[in-house]
(Lines of atoms letter the chains of each structure in order from A and count residues from 1; the text may use other names and numbers.)
(Lines give C-alpha, C1' and ligand atoms only; values in the text may rest on other atoms or scores of the structure.)
Protein backbone atom coordinates (compact mmCIF):
# COMPACT_ATOMS: atom_id res chain seq x y z
CA UNK A 1 0.00 0.00 0.00
CA UNK A 2 1.24 3.47 -0.83
CA UNK A 3 2.47 5.56 2.16
CA UNK A 4 0.34 8.52 1.03
CA UNK A 5 -2.80 6.39 1.06
CA UNK A 6 -2.02 5.06 4.54
CA UNK A 7 -1.44 8.63 5.74
CA UNK A 8 -4.78 9.70 4.25
CA UNK A 9 -6.66 6.87 5.96
CA UNK A 10 -5.04 7.67 9.32
CA UNK A 11 -5.79 11.40 8.90
CA UNK A 12 -9.43 10.67 8.01
CA UNK A 13 -9.74 8.34 10.99
CA UNK A 14 -8.62 11.01 13.44
CA UNK A 15 -10.86 13.60 11.76
CA UNK A 16 -13.77 11.18 12.25
CA UNK A 17 -12.92 10.73 15.94
CA UNK A 18 -12.73 14.51 16.43
CA UNK A 19 -16.19 14.96 14.94
CA UNK A 20 -17.67 12.26 17.16
CA UNK A 21 -16.00 13.77 20.24
CA UNK A 22 -17.47 17.20 19.47
CA UNK A 23 -21.00 15.89 19.66
CA UNK A 24 -20.26 13.80 22.77
CA UNK A 25 -21.99 10.70 21.51
CA UNK A 26 -21.95 7.57 23.61
CA UNK A 27 -18.97 5.24 23.61
CA UNK A 28 -20.92 2.55 21.74
CA UNK A 29 -22.00 5.01 19.05
CA UNK A 30 -18.41 6.19 18.71
CA UNK A 31 -17.18 2.61 18.33
CA UNK A 32 -19.86 1.98 15.71
CA UNK A 33 -18.83 5.12 13.82
CA UNK A 34 -15.17 4.06 13.86
CA UNK A 35 -16.03 0.52 12.76
CA UNK A 36 -18.20 1.89 9.97
CA UNK A 37 -15.43 4.23 8.84
CA UNK A 38 -12.83 1.45 8.68
CA UNK A 39 -15.27 -0.93 6.97
CA UNK A 40 -15.87 1.67 4.25
CA UNK A 41 -12.14 2.43 4.00
CA UNK A 42 -11.39 -1.29 3.64
CA UNK A 43 -14.00 -1.63 0.88
CA UNK A 44 -12.50 1.35 -0.95
CA UNK A 45 -8.97 -0.05 -0.63
CA UNK A 46 -10.18 -3.43 -1.90
CA UNK A 47 -11.68 -1.73 -4.97
CA UNK A 48 -8.45 0.19 -5.59
CA UNK A 49 -6.43 -3.01 -5.22
CA UNK A 50 -8.72 -4.91 -7.60
CA UNK A 51 -8.46 -2.12 -10.19
CA UNK A 52 -4.67 -2.09 -9.87
CA UNK A 53 -4.51 -5.88 -10.28
CA UNK A 54 -6.81 -5.71 -13.32
CA UNK A 55 -4.69 -2.96 -14.90
CA UNK A 56 -1.51 -4.93 -14.23
CA UNK A 57 -2.92 -8.12 -15.77
CA UNK A 58 -4.35 -6.40 -18.87
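Numbering (UniProt numbering), first residue to last: 1 to 58.
Every residue gets a Cβ at the ideal spot worked out from N, C-alpha and C, and that includes glycine.
Identify, in the order they occur along the chain, each residue of the same chain with its Cβ nearer than 7 Å to the Cβ of residue i, setting aside the five sequence neighbours on each side.
{"i": "residue 38", "result": "none"}
DSSP on residue i, reduced to helix/strand/coil?
{"i": "residue 44", "result": "helix"}
{"i": "residue 58", "result": "coil"}
{"i": "residue 39", "result": "helix"}
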